Amino acid sequence: MSLNATPRGDRIHIALFGKRNAGKSSVINAMTNQELAIVSDVKGTTTDPVYKAMELLPLGPVVMIDTPGLDDEGELGEKRVKKAKEVLGKADIALVIVDATAGMTEFEEDMIRLIEDRKIPYLKVYNKMDLSNAQEWKEDKACFVSAKDKKGIWELKEEIGKLVPTDDDTLKIVGDLVCPNDFVILVVPIDSAAPKGRLILPQQQTIRDLLEAGAASIVVRETELEKTLEEIGKKPALVITDSQAFGKVSKIVPEDIKLTSFSILFARYKGDLEEEVRGVKALEHLEEGAKILIAEGCTHHRQCDDIGTVKIPLTEILTTGRTKEGMNARILWEIRLPRTLAAGILGGALALAGYLLQTFFHNPIAGPFVLGISSGAKMVVALVMVFLLGNTVRVSSGLLILAAFLGAMLSMGFVLLMARKVDSMSMLVVSGVMIGYICSAITELVVTFAEDADIVNLHNWSRGSFSGMTWDNVKVMSIVVAVTFLMVILLAKPLEAYQLGETYAQNLGVNIRTLRILLVVLSSVLSACIVAFAGPISFVGIAVPQLIRKLFGTTKPLLMIPACFLGGSVFCLFCDLLARTWMAPTELGISTVTAIFGAPVVLWIMVSKSRRERG
């Protein structure tokens, strides 16, 4: 079924195209026998597409679309012509209005080619025949009219009627699913989002279709459905419910009674239900990493009870947590809980990575993001995503972690190389920032030549986000972070000695070379895990260890390691909550929120350090 053969609604859309002053508006007025459109001798009277709903015999309900002139001039005129041509996407029938005194020009010919390419039924309407000395001539798909004298208008209507698809009259919403004298129950929830004092149009249309089919209908709320079924005394042939109440209604309606929804009925009425069913079944065969396009076609304003607006009470959270049944349970177990756990695990890992780097470099503002380690991990992950996704290769969590680890180690290698060349810690930080810029530039270069779908994926991922986490993701990151955390705990005593100086640590038997390698590897593993799952996240690795150090007034690793992990978890959970709710329904990048709270901490650290050095 082509786009133009698909029903757009109950009204046939008739679009009129032509040059300025060809008489498009005059033809509309003549066809409707009303002064609906403004008519003027001045060219360009119609500046935007104008939609007029009306009853037009013998066609019935139609929408007439008046468009700007195809020969409009100037920069503004070009925009008007573009708007006129965009109307083709909404037209069921096209009328090309030609000034009979001037004849067919390249403007009308180009428009006809566009119409034919869209396979839209059309007529060439030669207007102003009263002013032309020429007589009517034989031409395919042509009508000859005088809008001024209303000559040929009835003939034009009859020709338009021949273009209307004959199968439109046979389409039914529900009438072909029931028999005369059948009994149908319509379940219509009356919630806070329901319109005041009326039913929505699909519900009205369904009731009208049942009346035409000779069936009896009763309209109830979902709260009265069960009692209605018990007391009505007759088995309904069909129950139709609003989609939002489908889960509740399906438990009430017996298995031997047919059940559907208004959405399904209208999907059949307006679209290709068989194709839509095949699409639903195809979801069962999707593999991890598959690309899915979800297009929202609803134009109403966001309101209560819409997606993302419903708050689940604590009592219901506890109930659904035990039963794991219902929509709220799915939201909790499949969306919110994995995301919460991921934010806690990765936030803790990020703070711990920052603590290890600060200990290694003896620098309070050292961190994965500042030193360019996160940028390096991001660069290699971007390369892997673009290459593999572009070749339809599945990207696993383990592969992303490995790619991020390689990128992190690459950046860390440059940082260590620069650490040997510069004595100033400030210069080391500057070097890390420059490395980050280089890696980001390479990433942007990769994105420039990537496919559109890959660009979207990379853009969303590069902003940093804990959304879309699954239990499989949580499982992998939990194992990686847990093993790394235990290894860091085992290094608590060597780290404490290392903080007092390398010479002191060596005297206590600490292998400085091995300890440094472990610090580099462990911090890189943590950074890689974070970047692979949530993208680059800024300032957490710097701010949290410093805040924890000030809070507890100690630098002992045995206390700092678990405290940093817990502090990072709490900080990221807080920032993730703000990212989801602050600008709802728009979700902010997690790095945007962490920067707002983390950057002031970094500035405070630098100012405090400067004051100490002066004193």
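FYI, in the numbering used here the residues of the sequence shown are 559 to 1173.
Glycine included, each C-beta is placed from N, C-alpha and C at the ideal position.
Source: prediction; values computed, not measured.
Requested in this report: For G1125, count neighbouring C-beta atoms within 10 Å of its own C-beta (all shown protein chains included) and say buried if the count is 16 or more, exposed if not.
Outcome: By the neighbour-count criterion, in which 16 or more other beta carbons inside 10 Å mark a residue as buried, G1125 falls on the buried side.
Query raised in the report: Alpha carbon to alpha carbon, how far is A642 from G1022?
Result: Roughly 41 Å between the two C-alpha positions.
Query - the region 890-902 / the region 1080-1087 touching (three or more Cβ pairs under 8 Å) - result: The region 890-902, when compared against the region 1080-1087, does not touch it at the 8 Å Cβ threshold.
Requested in this report: Under 8 Å Cβ to Cβ from Q1057, same chain only, skipping five residues before and after it: list those, please.
Outcome: Counting only Cβ-Cβ distances below 8 Å, and skipping sequence neighbours, we find T917, T1113 and P1115.
Query raised in the report: If L914 and L1077 are in contact, beta carbons under 8 Å, what's the gap, nearest whole angstrom?
Result: Rounded, the Cβ-Cβ distance is 5 Å, consistent with contact.
**Report entry** Bridge partners - F741, DSSP secondary structure assignment
**Finding:** For F741, the pairing in a beta bridge is given by DSSP as A774.
Report task. For the beta strand (DSSP E) containing T1072, list its first residue and its last residue. Result -> It is not in any beta strand (DSSP E) - T1072 instead sits in the alpha helix (DSSP H) that spans I1070 to A1092.
Requested in this report: Return the CA-CA distance between G602 and K936, expressed in angstroms with no decimal places.
Outcome: With a pLDDT of 49 at G602, under the threshold of 50, the modelled position of this residue cannot be trusted, and the question is left open.
Query raised in the report: For P922, does the three-state DSSP call read helix, strand or coil?
Result: Shown here, P922 sits in coil according to DSSP, grouped into three states, outside any helix or strand.
Query - Closest by C-alpha distance to A652, when choosing among E666, R578, M662 and E713 - result: Among E666, R578, M662 and E713, the Cα nearest to that of A652 is on E666.
**Report entry** Buried or exposed (CB count within 10 angstroms, at least 16 for buried), G965
**Finding:** Residue environment analysis places G965 among the buried positions, since at least 16 neighbouring C-beta atoms fall within 10 angstroms of its C-beta.
Requested in this report: Confirm the yes/no value for this check: CB of K1033, any heavy atom of the ligand FAD, distance under 6 Å.
Outcome: Ligands displayed in this structure: none; no statement on the ligand FAD is therefore possible.
Report task. Look at L721 and I655 and say whether their C-beta atoms are less than 7 Å apart. Result -> No.
**Report entry** Contact check, L831 vs A825, beta carbons under 7 Å
**Finding:** For L831 and A825, yes; Cβs fall inside 7 Å.
Query raised in the report: If you run the structure through DSSP and keep just helix, strand and coil, what is D657?
Result: D657 sits in a strand when the DSSP states are folded into three classes.
Report task. Mark H571 as exposed unless 16 or more other C-beta atoms lie within 10 angstroms of its C-beta, in which case mark it buried. Result -> Counting the other CB atoms within 10 Å of its CB gives H571 a total of 16 or more, which places it among the buried residues.
Requested in this report: Report the rounded CA-to-CA distance for K1108 versus V1160, giving the unit in angstroms.
Outcome: Approximately 13 Å between the Cα atoms of the pair.
Query - Straight-line gap, Q761 to L1146 (C-alpha atoms, nearest Å) - result: In a straight line, the C-alpha of Q761 is about 37 Å away from that of L1146.
Requested in this report: Note down, in chain order, each residue of its chain lying with its Cβ closer than 8 Å to the Cβ of L1117, except the 5 sequence neighbours on either side.
Outcome: Cβ within range, chain order: F1110.
**Report entry** Cβ-based neighbour list, D1134, same chain, cut-off 7 Å, excluding 5 preceding and 5 following
**Finding:** Closer than 7 Å at Cβ, skipping near neighbours: A901, F1024 and I1148.
Requested in this report: Just tell me which of F1123, C1122 and A1153 has its CA closest to the CA of L1136.
Outcome: The candidate whose alpha carbon is nearest that of L1136 is A1153.
Query raised in the report: Distance, Cα to Cα, A537 vs M967?
Result: Residue 537 is absent from the structure shown; the chain starts at 559 and stops at 1173.
**Report entry** Residue interval of the beta strand (DSSP E) (run including D624)
**Finding:** Membership of D624 in the beta strand (DSSP E) is indicated by the continuous run G618 to D624.
Query raised in the report: Under the DSSP definition of a beta bridge, which residues are partnered with M612?
Result: Beta-bridge pairing links M612 to V620.
Query raised in the report: If we count Cβ pairs, one from each stretch, closer than 8 Å, do we get three or more for the region 1034-1041 versus the region 1085-1098?
Result: A contact exists between the region 1034-1041 and the region 1085-1098.
Report task. Consult DSSP for F1024 and reduce its assignment to one of helix, strand or coil. Result -> Three-state DSSP puts F1024 in coil, outside helix and strand.
Requested in this report: May I ask which residues mark the beginning and end of the beta strand (DSSP E) holding G576?
Outcome: Where G576 is concerned, the enclosing beta strand (DSSP E) starts and stops at I570 to G576.
**Report entry** Where the alpha helix (DSSP H) through V807 begins and ends
**Finding:** F804 to I810 is the span of the alpha helix (DSSP H), which, as asked, contains V807.
Query raised in the report: Since V1098 contacts A909 with CB under 8 Å, what's their CB separation in whole angstroms?
Result: About 6 Å; that satisfies the 8 Å criterion.
Query - Nearest-angstrom Cα separation, counted from L958 out to G1093 - result: Approximately 11 Å between the Cα atoms of the pair.
Report task. Could you give the DSSP three-state label for V703: helix, strand or coil? Result -> Of the three classes helix, strand and coil, the one that applies to V703 here is coil, per DSSP.
Requested in this report: Determine, using beta carbons only, whether C701 and L689 come nearer to each other than 7 Å.
Outcome: Against a cut-off of 7 Å, the Cβ pair of L689 and C701 comes out as no contact.
Requested in this report: Could you tell me if D624 is buried or exposed, where buried requires 16 or more neighbouring beta carbons within 10 angstroms of its beta carbon?
Outcome: D624 should be labelled buried.
Query raised in the report: P794: which of Q802, D814 and E782 sits nearest, CA to CA?
Result: The residue among Q802, D814 and E782 with its C-alpha nearest the C-alpha of P794 is D814.
Requested in this report: Report the option in E694, I678, K677 and P679 whose CA atom is closest to the CA atom of N685.
Outcome: If we check each option's Cα against that of N685, E694 comes out closest.
Query raised in the report: How big is the Cα-Cα spacing for I993 and G906?
Result: Across the structure, I993 and G906 are spaced so that their CA atoms are roughly 25 Å apart.
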